[in-house]
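If you read the sequence shown in this note's numbering, its first letter stands for residue 241, the second for the next number, and so on. Just so you know, even glycine gets a beta-carbon here, dropped at the ideal spot from N, CA and C.
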Amino acid sequence: MTSLASTIAADIQPIRQSAIPAELGCALALAALADWLFYGHRIGLSLTLFAVATVCMSMLFNYATLDRRRAMVGAVILVAGLIPAIEELNALSFLILVAALAIALLFATSPETSGLADRARALRNFFLFGPFRVFLEALQVFNMSAFTRGIALWLLPATLGTVFVALFAAANPVIEQWLSLLNPKIILDHVSPPRVLFWTMMLALVWPFIHVRWRRRKLVVTDVAEAPVPPPLPPVVSIEFLGPSTILRSLILFNLLFAAQSVLDGLYLWGHVALPANMTYAAYAHRGAYPLIATALLAAAFVLVAMRPGGPAEKSTVIRPLVYLWVAQNVLLVASSILRLDLYVDIYMLTYWRIAAFIWMGLVALGLILIVARIALDRSNRWLVGANLIALTMVLYSASLVNFDAFIADYNLKHSSEMGGNGVKIDANYLLTLGPQALPAIDKVIALRGGDYCLAGRRDRLVEGQRQDLTWRAWGFRSWRLQRRLDAQAKSPPSNQPAG
Numbered sequence: 241m242t243s244l245a246s247t248i249a250a251d252i253q254p255i256r257q258s259a260i261p262a263e264l265g266c267a268l269a270l271a272a273l274a275d276w277l278f279y280g281h282r283i284g285l286s287l288t289l290f291a292v293a294t295v296c297m298s299m300l301f302n303y304a305t306l307d308r309r310r311a312m313v314g315a316v317i318l319v320a321g322l323i324p325a326i327e328e329l330n331a332l333s334f335l336i337l338v339a340a341l342a343i344a345l346l347f348a349t350s351p352e353t354s355g356l357a358d359r360a361r362a363l364r365n366f367f368l369f370g371p372f373r374v375f376l377e378a379l380q381v382f383n384m385s386a387f388t389r390g391i392a393l394w395l396l397p398a399t400l401g402t403v404f405v406a407l408f409a410a411a412n413p414v415i416e417q418w419l420s421l422l423n424p425k426i427i428l429d430h431v432s433p434p435r436v437l438f439w440t441m442m443l444a445l446v447w448p449f450i451h452v453r454w455r456r457r458k459l460v461v462t463d464v465a466e467a468p469v470p471p472p473l474p475p476v477v478s479i480e481f482l483g484p485s486t487i488l489r490s491l492i493l494f495n496l497l498f499a500a501q502s503v504l505d506g507l508y509l510w511g512h513v514a515l516p517a518n519m520t521y522a523a524y525a526h527r528g529a530y531p532l533i534a535t536a537l538l539a540a541a542f543v544l545v546a547m548r549p550g551g552p553a554e555k556s557t558v559i560r561p562l563v564y565l566w567v568a569q570n571v572l573l574v575a576s577s578i579l580r581l582d583l584y585v586d587i588y589m590l591t592y593w594r595i596a597a598f599i600w601m602g603l604v605a606l607g608l609i610l611i612v613a614r615i616a617l618d619r620s621n622r623w624l625v626g627a628n629l630i631a632l633t634m635v636l637y638s639a640s641l642v643n644f645d646a647f648i649a650d651y652n653l654k655h656s657s658e659m660g661g662n663g664v665k666i667d668a669n670y671l672l673t674l675g676p677q678a679l680p681a682i683d684k685v686i687a688l689r690g691g692d693y694c695l696a697g698r699r700d701r702l703v704e705g706q707r708q709d710l711t712w713r714a715w716g717f718r719s720w721r722l723q724r725r726l727d728a729q730a731k732s733p734p735s736n737q738p739a740g
């Protein structure tokens, strides 16, 4: 009897040598466009323009491989990724834009890629190995196939060495002077090591979008000669270690421990019991964050292992209610942590890190609820991972559209003692660090205090920085809206200043 064994082989599409010169020229043109848009300039709307130009060039060279229906889906993903960058270019909107470009390209040019795992693998290879392909595939212009293996051996060391030397030159004037001696003077008038590094980096980044190559997985079936079937290996984890009795005892203990923690939170948060000596609300809130991360992760891991599909505890009428109770206590713990942080913020004001803590706690609570849903609906762990990824994507995308600078400034002003709130006195220095979006709140602080000429001078410098953000390369819809508000405020007659 013949048995079948499956192995995974990478099917790499052959390089179209006739298209390489045109593609390389297109990549150089995009690098030149990037030099004009980015090098020595502030980046804003220019990144969106460059992304659109890259997509147009990619569609031009890969038109024959496009799947029309999936290309429409990719176009929707691309537009969704462009919106946060147009609204305001920051680290999050930049990451969303890059991810949207790659995902849209995958949908449009790789119809055979299906399933979350295959797409994740394809995107991983795209980001990890794609930028290095230009140095090897560009050699096809010279038809140097005989030297491909030897060059490939030195490609990574040479590339990294060039990057290091360029960085050293940018930091050390002596090394920069040494390098200048190796180049003709006429080239040095327009070329510098940082600029060469910039062009090299841009070529590496745009090349995977121009010369698209996805690694496809195919099943290779081979015949294996008859052989005795070996005995099954002993399980790594014994049955008793994850048996129903062990799981039951664990859940009883965990529920008791979490109940004790919930009682303590109730005493301090709702019972108004004094905190221990030498502990402030800040320390209490800070200590609550890290144990929450550890306990939530351990709780989720234990539940997933204990209630694994097909496991002995999955159908138990005793264990399942205890799992639900324990997850509910985890959610309660998260809720008490959110309340603790809210009380702290109400007094000591809002910051970016505290907003991130709120978002993280909400995601933890949602993840725990999804674990219960997976167990109750008899879903797989893949469904759980997908649901959490969808929730995380929605939260990050929504966060990219929120003007946190203005929100923090308005919240801190409204809850400060100067405005009749429960919080401390408004920290004008922190408002200034938030940038131009905090200008409306800063104007209210100046009106409240009156005669604070130092704050007024620093406010004027922020206004000047806001005007610089309106240049077309750095333009953002959010900055444009703020400028309209400032212009309307400047045209309106000055209001009466409150008494000092």
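Near residue i, what residues of its chain come up, given a Cβ to Cβ distance below 7 Å and the 5 sequence neighbours on each side ignored?
| i | result |
| --- | --- |
| Arg256 | Legend: pLDDT at Arg256 = 45, less than 50; position of this residue unreliable, value from coordinates given subsequently. Result list for Arg256: empty, nothing under 7 Å. |
| Asn662 | Asp586, Ile587, His655 |
| Pro549 | Ser620 |
| Leu674 | Asp645, Ile648, Ala649 |
| Gln501 | Leu573 |
| Arg435 | Tyr279 |
| Arg594 | Leu581, Val585 |
Would you mind stating whether residue i and residue j have Cβ atoms separated by less than 9 Å?
| i | j | result |
| --- | --- | --- |
| Ser640 | Pro324 | yes |
| Leu671 | Leu688 | no |
| Leu341 | Ala291 | yes |
| Ala540 | Gly607 | yes |
| Pro680 | Ala728 | no |
| Arg373 | Trp447 | yes |
| Phe301 | Glu263 | yes |
| Leu702 | Ile682 | yes |
| Val574 | Ala627 | no |
| Gly284 | Ser719 | yes |
| Leu356 | Val625 | yes |
| Ala274 | Met442 | yes |
| Ser298 | Ile450 | yes |
| Ala668 | Leu695 | yes |
My output table needs one value for residue i: the three-state DSSP class, helix, strand or coil.
| i | result |
| --- | --- |
| Trp566 | helix |
| Ile648 | helix |
| Trp454 | coil |
| His593 | For the record, residue 593 in the displayed sequence is Trp; it is not His. Trp593: helix per DSSP, three-state reduction. |
| Tyr584 | helix |
| Tyr303 | helix |
| Lys665 | coil |
| Ile283 | coil |
| Gly716 | coil |
| Arg548 | coil |
| Val431 | coil |
| Ile627 | The residue asked about is misnamed: residue 627 is Ala in this sequence, not Ile. Here Ala627 sits in helix by DSSP. |
| Glu377 | helix |
| Leu690 | The amino acid occupying residue 690 in the given sequence is Gly; Leu does not appear at that position. Residue state, collapsed to three classes: coil. |
| Val543 | helix |
| Asn412 | Confidence at Asn412 is low in this model, with a pLDDT of 45, below 50, so the placement of that residue should be treated as unreliable; the coordinate-derived value is given next. The answer is coil: DSSP assigns Asn412 none of H, G, I, E or B. |
| Thr711 | coil |
| Ser620 | coil |
| Ala553 | coil |
My guess is that residue i and residue j are in contact by the Cβ rule of under 8 Å, so how many angstroms apart are they, rounded?
| i | j | result |
| --- | --- | --- |
| Leu590 | Ile630 | The Cβ separation is near 28 Å, so there is no contact. |
| Leu322 | Thr288 | 6 Å |
| Leu562 | Ile492 | 7 Å |
| Val635 | Ile599 | 6 Å |
| Leu353 | Ala362 | Per the sequence shown, residue 353 should be read as Thr rather than Leu. With 8 Å as the limit, Thr353 and Ala362 qualify as a contact, their Cβ atoms being about 5 Å apart. |
| Ala742 | Leu581 | The chain is shown from 241 up to 740; residue 742 falls before or after that span and cannot be answered. |
Going by beta carbon distance, what residues of the same chain come within less than 8 Å of residue i, once the five residues before and after it are set aside?
| i | result |
| --- | --- |
| Gln708 | Arg282, Ala714 |
| Val567 | Ala539, Val543, Leu608, Ile609, Ile611, Val612 |
| Gly705 | Gly675, Pro676 |
According to the neighbour-count rule (16 or more other Cβ atoms, all chains shown, within 10 Å of its Cβ), is residue i buried or exposed?
| i | result |
| --- | --- |
| Ala494 | At residue 494 the sequence reads Phe, which differs from the Ala that was named. Result: buried. |
| Asp463 | A caution first: Asp463 carries a pLDDT of 47, below 50, which makes its placement in the model too unreliable to give a value. |
| Tyr584 | buried |
| Phe717 | exposed |
| Asn570 | buried |
| Gly690 | exposed |
| Leu270 | buried |
| Phe366 | buried |
| Val452 | buried |
| Arg614 | buried |
| Asp618 | exposed |
| Val503 | exposed |
| Val558 | exposed |
| Asp700 | exposed |
| Phe369 | exposed |
Using beta carbons (cut-off 9 Å, strictly below), is residue i in contact with chain B?
| i | result |
| --- | --- |
| Arg725 | Chain labels in this structure do not include chain B; a single protein chain is all it has. |
Apart from the five residues on each side of it in sequence, which residues of its chain come closer than 6 Å, Cβ to Cβ, to residue i?
| i | result |
| --- | --- |
| Ala467 | Note that Ala467 scores 47 on pLDDT, short of 50, meaning its location in the model is unreliable; the coordinates nonetheless yield the value given after this. If we look at Ala467 and ignore the five residues flanking it on each side, it has no Cβ neighbours. |
| Glu554 | Met547 |
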